[in-house]
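Chemist:
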Amino acid sequence: MANESLLGITRKGSSFDKRYTPEYRETLRNEYRLTFNDLEFNLKPPSAGASCLDFGCAIGSALDVLADNGWETYGCDISEQLTALADRQQHRIFTGELDQLPGDWGPFDLVVTIEVLEHLQHPRETLHRLISLLKPGGTLITETPQVGLLAELYGEDWRVLAGLDHIHLLTRETQIGVIEDFGCRVEATSSFGSGCTMGLVPPHIKRAFDTLVKRQNIGDFLAIRATKIEV
C-alpha cells in the first residue's frame, strides 16, 4: 500500500503538501490514463452505478480519472497523510488495511492496484483477497515491477532494487500465473521503463530505449488487465 516512503516523499515542513501541486496531480492522472490506454481498457463503466476500488490509492489520482468517466470510486490506503489529500467529495476513501474495509464495500466491477504489491509481505494473499472483491466478469488491473531481461542486465544496479520498501519482485510468468490461479483470465499486458533515469542520459536516448522496451514488452514494470471468470 502506498505511503510516503513508497512515493519518495520527504516531509520538511509543508513540503509534503507542496509536492502535490495541481500540475503534478495532472501529471499523475496522465500516467494512469496512459496505463489504462496501453491495456486497452475502456474507461467508460460497463453499466450505470458500476464501482471500482483502488487499493493503495494514495492521493486518489487513478480514482480521479475513473470518476471523471462515470465510475463510483472507492479507495483504500494506509497513509493518513496521502488519503488526506484525496478528493473525499468525489470518492469514498478508507484509511486502513484491506481486511478492515467497511462491510458494505463491494463487490466491485473493477479493482485497481498500481505499484503496491511489491511492497507487501504477502502479495499473493492480498491479490487473492482483491480478486474475491470482484464481481464475476469484473476487471482486475495490476502494475508492479517485473524481474526479467533488464534486471539481469543491470544486476545489482537495477533501479528497482533501490526501492528499500520493495519486498517481493516477481517475473512476468509468476505474476500472470498467480492471477490465473485465482480465477482470472489475462486479457492484456503492457510493460514500460528502460532503466534510463531522467537526467543521467540525454532525453532522446531515454526516449529511444523506453520505446524499445515497451515494444518488446520487457520493461521494468508490468501492467496486467484480467477478467474474473464467471462460474
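Residues 101 to 331 in the working numbering are what the sequence shown lists, from first letter to last.
We put the CB at the ideal spot given by N, CA and C, even for glycine.
Counting only the same chain and skipping the five closest in sequence on each side, list residues whose C-beta sits under 8 Å from that of R224.
Modeler: The sequence position of residue 224 within the sequence shown is 124, counting from 1. The residues are V278.
Chemist: The beta strand (DSSP E) with S151 in it runs from where to where?
Modeler: Numbered from its first residue, the sequence shown carries residue 151 at position 51. Its beta strand (DSSP E) spans residues 151-155.
Chemist: Specify whether the segment 166-184 and the segment 194-212 touch according to this definition: at least 3 beta carbon pairs, one from each stretch, less than 8 Å apart.
Modeler: yes
Chemist: Does I214 pass the burial test, meaning 16 or more other C-beta atoms within 10 Å, or should it be called exposed?
Modeler: In the sequence shown, residue 214 corresponds to position 114, counting from 1. Classification for I214: buried.
Chemist: Can you name, in chain order, every residue of its own chain whose Cβ lies under 7 Å from the Cβ of D138, other than the five neighbours on each side?
Modeler: Indexing the sequence shown from 1 puts residue 138 at position 38. Excluding residues within five positions, the ones whose Cβ falls inside 7 Å are S290, A323.
Chemist: In this structure, how does DSSP classify V216 when only helix, strand and coil are distinguished?
Modeler: On the sequence shown, residue 216 is found 116 positions in, with the first residue counted as 1. If DSSP states are grouped into helix, strand and coil, V216 belongs with coil.
Chemist: If you reduce the DSSP assignment to three classes, tell me which class D320 lands in.
Modeler: As a first step, residue 320 must be located in the sequence shown, where it is residue number 220. D320: coil per DSSP, three-state reduction.
Chemist: Is it buried or exposed, Y124, if we count other Cβ atoms within 10 angstroms and call 16 or more buried?
Modeler: By one-based count along the sequence shown, residue 124 stands at place 24. Answer is exposed; the Cβ neighbour count stays below 16.
Chemist: CA-CA distance, L220 and Q190?
Modeler: Here residue 220 corresponds to residue number 120 of the sequence shown, with the count starting at 1. Here residue 190 corresponds to residue number 90 of the sequence shown, with the count starting at 1. Roughly 28 Å separates the two Cα atoms.
Chemist: Below 7 Å CB to CB, which residues in the same chain sit around G170 once its five sequence neighbours on both sides are set aside?
Modeler: In the sequence shown, the residue the question calls residue 170 occupies position 70. Excluding residues within five positions, the ones whose Cβ falls inside 7 Å are K144, P145.
Chemist: Output the boundary residues of the alpha helix (DSSP H) element that contains D199.
Modeler: Counting from 1 along the sequence shown, the entry for residue 199 is found at position 99. Counting along the chain, D199 falls outside any alpha helix (DSSP H), and DSSP gives it neither H nor E.
Chemist: Could you say which of L185, E280, L198, V212 lies nearest to R119 if we only look at CA atoms?
Modeler: Taking the first residue of the sequence shown as position 1, residue 119 is located at position 19. Of all alpha-carbon atoms in L185, E280, L198, V212, the one lying nearest the alpha-carbon of R119 is that of L185.
Chemist: Let me confirm a value: Q275 is counted as buried when at least 16 other C-beta atoms fall within 10 Å, else exposed. Which label applies?
Modeler: One-based indexing of the sequence shown puts residue 275 at position 175. Buried is the call here.
Chemist: What separation, rounded to the nearest whole angstrom, lies between the Cα atoms of D187 and L163?
Modeler: Here residue 187 refers to the residue found at position 87 of the sequence shown. Here residue 163 refers to the residue found at position 63 of the sequence shown. If you take the alpha carbons of D187 and L163, they lie about 9 Å apart.
Chemist: On a Cα-Cα basis, can you pick out the residue from L269, E243, E280 that is closest to L134?
Modeler: Numbered from 1 along the sequence shown, position 34 holds the residue referred to as residue 134. Comparing Cα-Cα distances from L134 to each of L269, E243, E280, the minimum goes to E243.
Chemist: T239 to S179, Cα distance in whole Å?
Modeler: The sequence position of residue 239 within the sequence shown is 139, counting from 1. The sequence position of residue 179 within the sequence shown is 79, counting from 1. Each residue's alpha carbon lies about 25 Å from the other.
Chemist: Going by Cα to Cα distance, which pick from E131, I159, L227 is closest to Q181?
Modeler: On the sequence shown, residue 181 is found 81 positions in, with the first residue counted as 1. Looking at the Cα atoms, I159 is the closest of the given residues.
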